[in-house]
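As structure tokens, the structure follows; a few thoughts come after it.
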Amino acid sequence: MTDKAEAARRPELGVLSALAHGAGELGANIAAAVLPAIRELDEDRARFYGDLVLNSLDDTARRALEAMVKGYEYQSDFAKKYVAQGRHEGERAILLRQLRARFGELPEAAVARVEGAEIAVLEQWAERVLSAKTLAEVLDEPS
0 MTDKAEAARR PELGVLSALA HGAGELGANI AAAVLPAIRE LDEDRARFYG DLVLNSLDDT
60 ARRALEAMVK GYEYQSDFAK KYVAQGRHEG ERAILLRQLR ARFGELPEAA VARVEGAEIA
120 VLEQWAERVL SAKTLAEVLD EPS
């Protein structure tokens, strides 16, 4: 199923199409038709169906799908929420790797601060890690 209108009418059939043909040459086209349709479903089903569709793709289809949606601005609140959450998790993970590379093993309190920080704070700390001499300088902790 590569028709977006058909996928919107019958999203479950679209998911089955992805499961059956996602690893084939039409995998990216099927996913591109089905993923927007399932975003309109309730949150739990949309998440479950989205995982099924994406996991049914082979590497070639996944890369083709990524190329199709590069620069795409998500419209649904559901998608925006989970994209933002993924970015936030990525920022935290990168900052923790940078801090460990620069300062060695981190105290639990520092890890907890990073894990609880908002994205804007994480971005500030990521910039500071480049020039700070101590972990405290990065995290605004008093010496």
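33 is the number that numbering that gives the first Met the number 0 gives to position 34 of the sequence shown; each next residue is one higher, with no gaps. Backbone N, C-alpha and C define an ideal beta-carbon position, used for all residues, glycine too.
Separation of residue j from residue i, as counted between CA atoms
{"i": "Glu136", "j": "Asn28", "result": "49 Å"}
{"i": "Ala161", "j": "Glu88", "result": "Because the chain is modelled from 0 through 142, residue 161 falls outside the range shown and cannot be assessed."}
{"i": "Asp2", "j": "Asp58", "result": "22 Å"}
{"i": "Pro106", "j": "Phe47", "result": "37 Å"}
{"i": "Ala4", "j": "Gly115", "result": "42 Å"}
{"i": "Ala32", "j": "Met0", "result": "7 Å"}
Among the options, the one whose alpha carbon lies nearest that of residue i
{"i": "Glu11", "options": "Asp2, Glu24, Ala4, Ile37", "result": "Ile37"}
{"i": "Ala22", "options": "Lys3, Gly49, Arg61", "result": "Arg61"}
{"i": "Ala19", "options": "Ile118, Asn54, Arg8", "result": "Asn54"}
Where residue i falls, given that 16 or more other Cβ within 10 Å makes a residue buried
{"i": "Leu129", "result": "exposed"}
{"i": "Gly103", "result": "exposed"}
{"i": "Asp139", "result": "exposed"}
{"i": "Glu90", "result": "buried"}
{"i": "Ala6", "result": "buried"}
Enclosing alpha helix (DSSP H) for residue i [first to last residue]
{"i": "Glu104", "result": "Careful: Glu104 lies outside any alpha helix (DSSP H) and carries neither H nor E."}
{"i": "Lys132", "result": "Note, Lys132: premise wrong, no alpha helix (DSSP H); not H, not E."}
Any alpha helix (DSSP H) of 4 or more consecutive residues that is wholly inside the segment 26 to 51: 26 to 37
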